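Final position of the sequence shown in the working numbering is 597; the numbers increase by one with none missing.
Even for Gly, the Cβ is constructed at its ideal location relative to N, Cα and C.
The model shown is predicted, which means the values in this text are computed figures rather than measured ones.
Data block below; observations after.
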Amino acid sequence: MTDKRISVAPMMGMTDRHYRFMASLLCERISLYTPMIHVDAILQSKKNFLEKENKDSRSVAIQIAGNDPISVSAASKVIENCNYNEINLNIGCPSERVQNCKVGAALMDEPKTVGRMVESIRNTCDLPVTIKTRLGIDDFDSYEFLCEFIETTSEYGCDHYILHARKALLNGLSPKENRSIPPINYPRVYKIKEQYSDLKIEINGEIKKTDEIKEHCKYVDGVMIGREACNNPLFLRDIANSIYQDSPMEMTDFFERMFEYILKESNYGTGVHFITRHMTALFKGMSGAKEWRKLVGGLDSKKSSAEDLVKSMKLFVEDRVTQH
Ligand SMILES: Cc1cc2nc3c(=O)[nH]c(=O)nc-3n(C[C@H](O)[C@H](O)[C@H](O)COP(=O)(O)O)c2cc1C
């Protein structure tokens, strides 16, 4: 069993509260993040939006984007009372929209601004503050540049970093390309941990197998999984099994809990498709995968009532899961 932290990365359009409900069932101990939420959205919508975002779930980390210590501090006051257990600053997003308002990765070359945001959150609330960032941006990609970012921000009180092990290119690459084209550099992350051993350093980027998690855990304090946790949610069950050495929930019980959740949420007015879209890959690599995908993610799933869809899903699951 590991004492290292394994988490699912913040992912816009993916790690919403429905995904997080499913992920918690598949691996109880995995740490979870909301997708990036701009502090202005928090301040304009007040508490209700954040409470809804984390409705009925266990405490998770919230990822925020901003560039101004005053509004970040005001947002953290709202966050403090809404069942979140960590505030993570996004200093890694390379999207053009984000760059235009100078948040995300564009702030990597302003470590003092980032540090002041960390300080303002720490002065406002007791939640731990973490930073998720890259190894560098554009031509600022030396080891020394990263060290300066970490040293400066840690002087303001950050002691926990999640490093996506590649740099971001702010001009010319889309966010998607920025997740695959700049080369991965795991040794640089290990070196940061070696040099700043008092800081918590977690690694992220292209990690898809439990053996890879075990290997990274030899060098760093935690591993963050991104795309694989959505493309293959059962990976989280493997993590429960082989990293935490827990006995994961039986698949029949898992599906039963998901069906109850779908029916309950549909009574609150949630479109069923917003939940089932996270379930499409649950039979990945197994017989019937295509049929299942069509059943839960196809056009018909949008048209069906929750009761009808759950009935069809139950039939499918009874047929397949009991065979496995
Ligand atoms: C669809 C999508 C949305 C993402 N949204 C965010 C986000 O909101 N905040 C963030 O810090 N990173 C975001 N990321 C980046 C991931 O958190 C992660 O750093 C990246 O995918 C690398 O990890 P992976 O190779 O394991 O996927 C997103 C990635 C994807 C695929």
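Hey, out of 508, 582, 323, 361, whose CA is closest to residue 295's CA?
508
Tell me whether residue 447 is buried or exposed, calling it buried when 16 or more other Cβ atoms sit within 10 Å of its Cβ.
exposed
For ligand 1, I want to know if residue 309 counts as a neighbour, meaning its beta carbon is within less than 7 angstroms of at least one of the ligand's heavy atoms.
yes
Can you tell me the Cα-Cα spacing of residue 519 and residue 513, whole angstroms?
5 angstroms
Please tell me whether, using a cut-off of 7 angstroms, the distance from the CB of residue 390 to the nearest non-hydrogen atom of ligand 1 is below it.
no
Throw me the rounded Cβ distance for the residue 473 and residue 433 pair, which I believe falls under 8 angstroms.
4 angstroms
Count the other CB atoms, across all protein chains shown, that sit within 10 Å of the CB of residue 366; report buried if there are 16 or more and exposed otherwise.
buried
Should residue 480 be counted as a contact of ligand 1 given a C-beta to heavy atom distance under 7 angstroms?
yes
Starting from residue 406, follow its DSSP beta bridges and name the residues at the other end.
364, 436
Please classify residue 593: is it buried, with 16 or more other beta-carbons within 10 angstroms of its beta-carbon, or exposed?
buried
Beta-carbon proximity check, residue 435 vs residue 403, cutoff 8 angstroms:
yes
Restricting to Cα atoms, I'd like to know which of 291, 381, 326 is closest to residue 356.
326
What is the rounded straight-line gap between the Cα of residue 449 and the Cα of residue 539?
32 angstroms
What distance in whole Å lies between the Cβ atoms of residue 441 and residue 378, which are believed to be in contact at a cut-off of 8 angstroms?
4 angstroms
Grouping DSSP H, G and I as helix and E and B as strand, with all else coil, what is residue 308?
strand
Local conformation of residue 476 per DSSP, three classes
strand
Hey, would you say residue 587 sits closer than 8 angstroms to residue 532, going by beta carbons?
yes
Alpha helix (DSSP H) containing residue 345: first to last residue?
342–353
Would you say the beta carbon of residue 282 comes nearer than 7 angstroms to a heavy atom of ligand 1?
yes
When the distance is taken between beta carbons, is residue 475 closer than 8 angstroms to residue 430?
no
So what does DSSP say about residue 336, is it helix, strand or coil?
strand
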